[in-house]
Amino acid sequence: MSKEKLTYKDIDKSILKGLPNPGDDAYEIKISAPEFTFLGKYQQPDFARIYMTIYPKNRIIELKSLKQYFHTFRNIVVSYERLINIVYDHLNEVYKPERMRVVMEFYPRGGIASRLCIDSDWEIRGGEEKYWKHTQDDWAFKHETHTI
Numbered sequence: 692m693s694k695e696k697l698t699y700k701d702i703d704k705s706i707l708k709g710l711p712n713p714g715d716d717a718y719e720i721k722i723s724a725p726e727f728t729f730l731g732k733y734q735q736p737d738f739a740r741i742y743m744t745i746y747p748k749n750r751i752i753e754l755k756s757l758k759q760y761f762h763t764f765r766n767i768v769v770s771y772e773r774l775i776n777i778v779y780d781h782l783n784e785v786y787k788p789e790r791m792r793v794v795m796e797f798y799p800r801g802g803i804a805s806r807l808c809i810d811s812d813w814e815i816r817g818g819e820e821k822y823w824k825h826t827q828d829d830w831a832f833k834h835e836t837h838t839i
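Convert by adding 691 to the 1-based position in the sequence shown; the result is the number in our numbering.
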């Protein structure tokens, strides 16, 4: 019996739950998920560390649901480039934040480490470019980085 290959189309964003934002004042939420796992093109496990910076509006992320959502990727075959777009799009659709930045740092594979980023503030993403030029991802890299 062979297992059916699951793809990015099998990811269910309805797992993501939100909580009411407890305040009206502006603030920043930073989330790190250091043990993200998915399957690469050849169905071999790949690993990444995900960093998110969020300026919430009406809803904030319920962290348990985020963990469950990330866990569903363990058996999904997906490329790095599609992966960051899926996660960004799902989070943006569910939470509709003022601003969101997603950074994925992929562990080395074949001697090459990769880092991908999407920021809703980029003009190409419909943003106004008022935040991202001043953003430093240093907070994300206090942990061990995976360099060659």
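All C-beta atoms in this analysis are idealised placements derived from N, C-alpha and C, irrespective of residue type, glycine included.
Keep in mind it's a predicted model, so treat the numbers as computed, not measured.
If you count every other CB in all the chains shown that lies within 10 Å of the CB of residue i, and 16 or more means buried, which is it?
i	result
A804	exposed
R765	exposed
I775	buried
T698	exposed
T836	Reliability of the predicted coordinates at T836 is poor, the pLDDT of 49 falling under 50, and no value is obtained from them.
Between which residues of its own chain and residue i is the CB-CB distance below 8 angstroms, once the five residues before and five after are set aside?
i	result
I839	Residue placement at I839 is flagged as unreliable, the pLDDT there being 34, under the threshold of 50; the coordinate-derived value follows with that caveat. Hits under 8 angstroms: P799, G802, I803, A804.
K704	Y760, H781, E784, V785
H834	Since pLDDT at H834 reaches only 49, below the 50 mark, its modelled position is unreliable, and the value read off the structure follows with that caveat. Answer for H834: S723, P725, R740, listed in chain order.
Let me make sure I understand the geometry here. Which of the options has the alpha-carbon closest to that of residue i?
i	options	result
V793	V778, Y786, K787	V778
D716	L774, N749, E753	N749
F797	F727, I767, K758	F727
P725	S756, S811, M795	M795
D701	K758, F729, Y733	F729
Y771	K696, K708, F738	F738
E881	G714, K721, Q734, S756	Absent from the model: residue 881. The displayed extent of the chain is 692 to 839, so no value can be given.
K708	K732, V768, K758, K721	K758
C808	K732, G714, T744, N712	T744
According to DSSP, simplified to helix, strand and coil, what is residue i?
i	result
L774	helix
G705	The displayed chain sequence assigns Ser, not Gly, to residue 705. DSSP places S705 in helix when its eight states are reduced to three.
Y780	Reading the sequence as shown, one finds Asp at residue 780 and not Tyr. If DSSP states are grouped into helix, strand and coil, D780 belongs with the helices.
S756	helix
A794	Rather than Ala, the amino acid found at residue 794 in this sequence is Val. It is a strand residue.
V768	strand
Within a Cβ cutoff of 6 angstroms, which residues of the same chain sit near residue i, ignoring the five residues on either side of it in sequence?
i	result
S723	Y742
L710	I751, E753
Kindly examine the ligand MG and report whether one of its heavy atoms sits closer than 7 angstroms to the Cβ of residue i.
i	result
K721	Absence of the ligand MG is noted for the structure shown, with no ligands found whatsoever.
Once the 5 residues before and after residue i are set aside, which same chain residues still bring their CB inside 7 angstroms of it?
i	result
Y746	A717, E719, P788, E789, R790
H736	The displayed chain sequence assigns Pro, not His, to residue 736. The residues are T728, L730.
Checklist line | In chain order, each beta strand (DSSP E) run of at least 3 residues that lies wholly inside the segment 706-744 | finding: Taken in chain order, the complete beta strand (DSSP E) segments of 3 residues or longer contained in the segment 706-744 are 709-711, 720-730.
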